[in-house]
Amino acid sequence: MSTAAAHIEEDHGHHHKETFVTKYVFSQDHKMISKQYLITGLFMGIIGIAMSLLFRLQLAWPEQSFGVFEVLLGKWAPEGVMDPNVYLALVTIHGTIMVFFVLTAGLSGTFSNLLIPLQIGARDMASGLLNMISFWLFFLSSVIMVLSLFVEAGPAAAGWTIYPPLSALPQAQPGSGMGMTLWLVSMAIFIASSLLGSLNYIVTVINLRTKGMSMTRLPLTIWAFFVTAIIGVVSFPVLLSAALLLIMDRSFGTSFFLSDIFIQGEVLHYQGGSPVLYEHLFWFLGHPEVYIVLLPALGITSEIIATHARKPIFGYRAMVASILAIAFLSTIVWGHHMFISGMNPFLGSVFTFTTLLIAIPSAVKAFNYITTLWKGNLQLNPAMLFSIGLVSTFITGGLTGIILGDSTLDINVHDTYFVVAHFHLVMGISALYGLFAGVYHWFPKMFGRMMNKNLGYIHFWVTAVCAYGVFFPMHFIGMAGLPRRYYTNTAFPYFDDLADINVLITVFALIAGAAQLVFLYNFIHSMFYGKETEQNPWRSNTLEWTAPIEHFHGNWEGEIPHVHRWAYDYSKPGHEEDFVPQHIPLKKGEEELQH
Amino acid sequence: MNIFLILTVLVLIAIAIWQITKIFELSQPKKVNTQVADDSDNNLNGKLMFAFLIFIYGITIFSFWAYGDVLLPQAASEHGSEYDTLMWISFGIIFFVQTITQALLHYFSYKYRGEKGKKALFYADNDKLEMIWTIIPVITLAGLILYGLYTWTDIMTVEENEEALVVELYAQQFNWKARYAGEDGVLGDANVRFLQDFDGRNLVGIDATDPNGFDDVVVQELHLPVGREVIFKMRSQDVLHSAYMPHFRAQMNCVPGMITEFAFTPNKTTEEMRQDEDIVAKVKKINKLRVEKSKELIAQGDTALDPYEFDFLLLCNKICGASHYNMQMKIIVETEKEFEEWMSSQQTFAEVIQ
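Next comes the structure, spelled out in structure tokens:
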């Protein structure tokens, strides 16, 4: 056991006097930090989703005047008509916020922080201080990202992948001026935050597990967070280097990514750089990022499906193996974003091969979820519904990956709405469902109160219908050849017959947006007025539910419980209850499943 | 029609939400509400899971019925049919898997909805099953990978040959230009440094000291002869662009500082495409929509829309700035004779800079 943990163990018992600032603002307690992550993430989520609704309005009714544009966008929507530069800025910031600020920090930050110490039986993270710094760096980067929206020439608008030269040259578009500088600074700080967080998670899982909590008894949530942190540590620094080189190209006249450019009547001095190099560096993080977003959601789902199905997760070993396989493969598939970037076609063949291999562990996971449901006793709480919903969108979205991962087929659907449909279903909606499932499930642990289930049901069913309503038809307009990131499709009469599909999609999107208000109301209302929870409302096996409802630094009064079994002894024959928590010793003659 | 459809959907959804809330409320008799799902919640949501399966099937069938005709535009290049075959095979497989897995997932969610006093089956492992659903994807994917790689190599291998027509596609914010190699079949050297020579008449920056460039022809409308391989050399002068020609199943990024390549052989002329049954139907549909739209526009005092006629598309498909959505060039595929006639009426670089 590390000294930090020993130190905390000594400390615990005589509680520190905590001031408001140390308890609620600069807290080093993982549970408070987790809540801070969640609330910051939700706030960013509101901005990100609102932006998507704005550009969906423009797509359905192109170049029409909307009062809401005039109010929200001001001078960027003269007479209520959205400017094309603003459209690009909105899609860019929507992507950035949703991928990094909501689904990376909001999801992983919240639940890794809440669950790693509680589920492995630790008093706190290995370093509370680093954990606190990690959150406040994230907060700072969020503030900078939001501030960038108010820059004179507008925020970054080169797409969330910010490919140079578009992102490097202020002459190329207004968003590549101050807005892009702030974007890069914000992301650099975000990466620092993410690295500090990830290192902390890794060290904590390796060193601070309670007695009996072997790696093969870890809940799948922890496995997912642990492996996610490793992927983050491996790949985020590469994005940082890309961002730094881009800053150098932008501000100090280097030519890492730029060469032979003539713009606005002027030949620029850049020589010998290559935008393709940037693409490699970006996607070396960019693709693992998909799994940084998705794996925690899958981990949460594994835990929730087993608990609410009152059944052991099927194929624990295969689940762990597939997490590891996905993590490994995720770092060697980035080139499938670049089949037509101009890189050597032979590389395309290699990346097709590695990419399609990912379908194998993914399929194993999907089948294991389905088998876990088989002959279960499903308690269909909102958390469970979102988890089942996740499996559904994960399958629907994942399958089209077989088309996009195939370099040949990618030629004609690359950068069309087919891609938009694919990644929104497989990582956007799936990870969002994971986030919602986690919030509904662990809300009692976080706030000591229950969320209203009926509002939860409405939230799920409306969202579930709308998610398909929005993204399913997008496959069709994508296959028809409609490129993404077009301000309007009216410049091509050829696409006129797709206009009504765009209207349908926008209507579903607006309803889905409204449904999130139900969640927001439920969340805030339940935080203060929700029904007070029992200690273990879902009758779950994992250790967090043995900790008292009331939060204090150190998690458990007295000794940390020891672990005697895996996390999934649900409905085990020979036991009266349909769950046997991890800290209950084996009965005489009871066999433990070997993993 | 659209507005009616939207209103109907909105009303139906509102009714659905209202009804679901009511059912939820009614199904919970006055007893201690723990906010944990009870039997009636399980029962209702289990049934809704089944309904959701029907919804997924429904939206799939509806989409294919209503929008099936827009899927994959008619192919007009030699490798197009190869591409389409692979696409439909892949689609068939994922369609099959989607149908089965969604059915199992939602049916199980419905069938095994919780009931008080029921106990789940303690079933944690089965190596044989894991093996089966590892091996089956492995075999299927191995097939797809091999087939895909074979096709990929076939499409992407660009071999210089005498017969082929060499065309440079030149991208800039926000339009396209094309350069033909002329009689010598060789494109003259070019660089953005030469763009300002000859008072801006050197549209794509040809090096005037390279004799290969004198007979090059620079145009703003792309003409291609049918049945002859075209090798595209792509350049960009400012930011990344992507030359996307959906009917030819062709796409390649244009990267400042390097030359990228893509080759295909057009096998249908623009005229032939305009006679194609599906295209005729599509154009008719689009023109009907445009006439309706024009009526609205005229009522507002605007000018009517022009009727639409089919043309091959070259679109920019890599975000490149404000007018990215309108960066296009007309492609005309014609017979070799028409092409030669058109070509002979164009000015060569030497003539332009004189």
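Chains A and B are the protein sequences, given in the same order.
Quick note: the numbering used here has the first sequence finishing at residue 890, numbered continuously throughout.
Quick note: the numbering used here has the second sequence finishing at residue 547, numbered continuously throughout.
Using N, Cα and C, we set each Cβ at its ideal position, and we do this for glycine too.
Predicted, not measured: the structure shown is a model, and the values here were computed from it.
In this structure the stretch 224–236 of chain B lies against the stretch 818–832 of chain A, because at least three pairs of beta carbons, one per stretch, are closer than 8 Å.
Only Ser702, Thr703, Leu704, Ile706, Asn707, His709 and Asp710 from the stretch 702–721 of chain A bring a Cβ to less than 7 Å from some Cβ of chain B. By the Cβ rule, the stretch 723–736 of chain A does not count as touching the stretch 783–799 of chain A, because fewer than three pairs are nearer than 8 Å.
Between Ile608/A and Ile600/A, the C-beta spacing is below 8 Å. Put simply, the CB of Ser329/A is far from chain B, with every gap to its CB atoms at 8 Å or more.
Taking CB atoms only, Ser569/A has a neighbour in chain B less than 8 Å away.
Judged by DSSP in its simplified three-state form, Ser550/A adopts coil rather than helix or strand.
Counting other Cβ atoms within 10 Å of its Cβ, His299/B reaches 16 or more and is therefore classed as buried. Under the criterion of beta carbons closer than 8 Å, Tyr752/A and Asn238/B qualify as touching, at roughly 7 Å. Contacts with chain B at 8 Å (Cβ-Cβ) do not include Tyr728/A. Considering only beta carbons, the part of the stretch 367–391 of chain B lying closer than 8 Å to chain A consists of Asn384, Val385, Arg386, Leu388 and Gln389, in chain order. Taking Leu881/A as the centre and dropping the five residues before and after it, the same chain places the C-beta of His859, Arg860 and Glu887 closer than 8 Å to its C-beta, in chain order.
Proximity of chain A to Ile546/B at the Cβ level (cut-off 7 Å) is not reached, the minimal Cβ distance being about 18 Å. Not one beta carbon of chain B lies nearer than 8 Å to the beta carbon of Arg545/A. With at least 16 other beta carbons inside 10 angstroms of its own, Gly643/A counts as buried.
Residue-level contact check: Gln674/A touches chain B, since one or more beta carbons of chain B fall below 8 Å from its beta carbon. For Asn749/A, the closest Cβ of chain B is nearer than 8 Å. Judged by pairs of C-beta atoms under 8 Å, the stretch 347–357 of chain B does not touch the stretch 500–513 of chain B, as fewer than three such pairs exist.
Check the Cα spacing between Leu198/B and each of Arg780/A, Gly808/A, Thr801/A and Gln877/A: the tightest is with Thr801/A. Lys475, Lys478, Ile479, Leu482, Arg483, Tyr501 and Leu506: these are the residues of the stretch 473–506 of chain B whose beta carbon lies less than 7 Å from some beta carbon of chain A, given in chain order. When 7 Å is used as the limit between beta carbons, Phe245/B is near these residues of chain A: Ala759, in chain order. Beta-bridge partners of Leu417/B (DSSP): Val526/B. For Met445/B, the chain A residues whose Cβ falls inside 8 Å of its Cβ are Ile635 and Gly637, in order along the chain. Below 8 Å, too few C-beta pairs join the stretch 503–519 of chain A and the stretch 544–561 of chain A to call them touching: fewer than three. Here Met466/B is buried. Its C-beta has 16 or more other C-beta atoms within 10 Å.
The CB of Arg605/A comes closer than 9 Å to the CB of Gly307, Lys311, Lys312 and Ala313 in chain B, given here in chain order.
The Cβ atoms of Tyr712/A and Leu777/A lie closer than 8 Å to each other. Within the same chain, Gln830, Trp851 and Glu852 come within 8 Å of Pro843/A by CB-CB distance, once the 5 residues on both sides are set aside. Within 9 Å of the CB of Met466/B, no CB atom of chain A is found; the nearest one sits about 12 Å away. Close partners of His517/B in chain A (Cβ separation under 9 Å): Pro379, Leu383, Pro778, Arg780, Tyr781 and Tyr782. Val875/A sits in coil when the DSSP states are folded into three classes, being neither helix nor strand. Not flagged as an interface residue toward chain B: Ser682/A, since no C-beta distance is shorter than 8 Å. Between Ile486/A and Asn446/B, the C-beta spacing is not below 8 Å. Gly630/A and Glu275/B have their C-alpha atoms roughly 23 Å apart.
Here the stretch 716–723 of chain A makes contact with the stretch 691–699 of chain A; the two share three or more CB pairs at distances below 8 Å. Secondary structure at Glu533/B: helix, using DSSP grouped into helix, strand and coil.
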